[in-house]
Ligand SMILES: *[C@@H]1O[C@H](CO)[C@@H](O)[C@H](O)[C@H]1NC(C)=O
Ligand SMILES: *[C@@H]1O[C@H](CO)[C@@H](O)[C@H](O)[C@H]1NC(C)=O
Ligand SMILES: *[C@@H]1O[C@H](CO)[C@@H](O)[C@H](O)[C@H]1NC(C)=O
Ligand SMILES: *[C@@H]1O[C@H](CO)[C@@H](O)[C@H](O)[C@H]1NC(C)=O
Ligand SMILES: *[C@@H]1O[C@H](CO)[C@@H](O)[C@H](O)[C@H]1NC(C)=O
Ligand SMILES: *[C@@H]1O[C@H](CO)[C@@H](O)[C@H](O)[C@H]1NC(C)=O
Ligand SMILES: *[C@@H]1O[C@H](CO)[C@@H](O)[C@H](O)[C@H]1NC(C)=O
């Protein structure tokens, strides 16, 4: 019993010793702009942002390193020890969702990061589809670039598209808002508008759909074959008639001479 207690006390002591050891050895922590938690920074394209990373509870000089995503950021020599700062001049749309991470060079598992949330109003792009024949399917693709995500609507000739028609299909992701019309009819011809609305603004983009008459679908080979058959019939007809005419003239001549 006594031995058991002694052993337990020993283990507790060892645990205490090791935890104290770790606090002193690696109690260092990092902070970005005085916050030791990972952060999300909401910003806008064109803004300049600066981030300050500093080491805390360190007993000696510590070297720091910045990453943009997975890549290291080049830092000047005076901008590495104990504190380091980076500037994003300016923020662009492509920085959206990118993380900037500050790491302790000695032990890179000690790190802190800021993720950019670059917000901008919706931007729509897209091309008119080529003219489409009746009964074919057609796709109108409206490309969306927006943060936060925009609410999307399709209009036809300025009135809301009733999606009750089962020929309509909508495919919607964060990057695309696509309307597919199956087996187009003449009445589908017209101007379609893709509309995006977010808290930061709205945008409309027009798509013109031209529905053409269905061209008669005769395969070229069949047409050529038909023409050849007709020509041959005509030629044989003429040849046969000529022989007949020739014979008739011959007999009539014979009759005259006799
Ligand atoms: C850093 O030091 C402060 C006070 O000296 C202490 O309260 C804090 O817990 C320490 N942080 C870490 C991670 O050891
Ligand atoms: C961090 O906080 C200290 C004291 O509150 C302040 O002097 C310093 O400017 C702050 N640094 C940053 C980068 O915000
Ligand atoms: C961080 O702190 C610096 C210095 O105080 C300040 O100029 C900068 O705007 C701050 N950055 C953010 C994202 O708050
Ligand atoms: C970094 O901080 C440590 C501990 O506070 C200090 O001893 C050292 O001089 C500092 N080094 C630099 C370059 O600031
Ligand atoms: C690095 O830091 C982590 C977290 O503080 C710690 O668990 C680990 O033992 C450290 N690694 C080294 C090699 O010091
Ligand atoms: C839709 O309405 C807008 C604004 O009222 C107008 O400029 C546009 O010409 C209209 N388009 C059609 C196809 O009616
Ligand atoms: C079909 O739609 C196009 C594009 O909106 C338009 O220019 C054209 O006048 C329309 N044609 C018919 C027959 O409605």
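Numbering (mature numbering (1 follows the signal peptide of the UniProt record, and there is no 0)), first residue to last: -27 to -1, 1 to 231. Idealized CB from N, CA, C, for every residue including glycine.
What three-state label does DSSP hand residue i in the structure shown?
| i | result |
| --- | --- |
| residue 168 | strand |
| residue 236 | In this structure the chain extends from -27 to 231, so residue 236 is not present and cannot be described. |
| residue 143 | strand |
| residue 194 | helix |
| residue 126 | strand |
| residue 205 | helix |
| residue -10 | Its pLDDT being 48, under 50, residue -10 is placed unreliably by the model, and the measurement read from it follows with that caveat. Residue state, collapsed to three classes: helix. |
| residue 82 | coil |
| residue -1 | coil |
| residue 105 | strand |
| residue 163 | strand |
Note the first and the last residue of the continuous beta strand (DSSP E) segment covering residue i.
| i | result |
| --- | --- |
| residue 98 | 93 to 98 |
| residue 176 | 174 to 182 |
| residue 8 | Taken as a continuous stretch (DSSP letters only), residue 8 belongs to no beta strand (DSSP E), as it is neither H nor E. |
| residue 154 | 149 to 154 |
| residue 114 | 111 to 120 |
Please return the same chain residues whose Cβ sits closer than 7 Å to the Cβ of residue i, not counting the five positions on each side in sequence.
| i | result |
| --- | --- |
| residue 129 | 163 and 165 |
For residue i, collect the residues of the same chain with a Cβ closer than 6 Å to its Cβ; drop the 5 residues on either side in sequence, then sort them by chain order.
| i | result |
| --- | --- |
| residue 121 | 171 |
| residue 161 | 154 and 184 |
| residue 193 | none |
In chain order, what residues of the same chain have a beta carbon less than 8 Å from the beta carbon of residue i, not counting five sequence neighbours either side?
| i | result |
| --- | --- |
| residue 214 | none |
Contact between the region 36 to 52 and the region 69 to 88 (3+ Cβ pairs under 8 Å): yes
Completely contained alpha helix (DSSP H) runs for the region 28 to 76, where each covers 4 or more residues: none
Inter-stretch contact (C-beta, 8 Å, three-pair minimum) for the region 171 to 187 and the region 102 to 112: yes
Inter-stretch contact (C-beta, 8 Å, three-pair minimum) for the region 82 to 91 and the region 131 to 146: no
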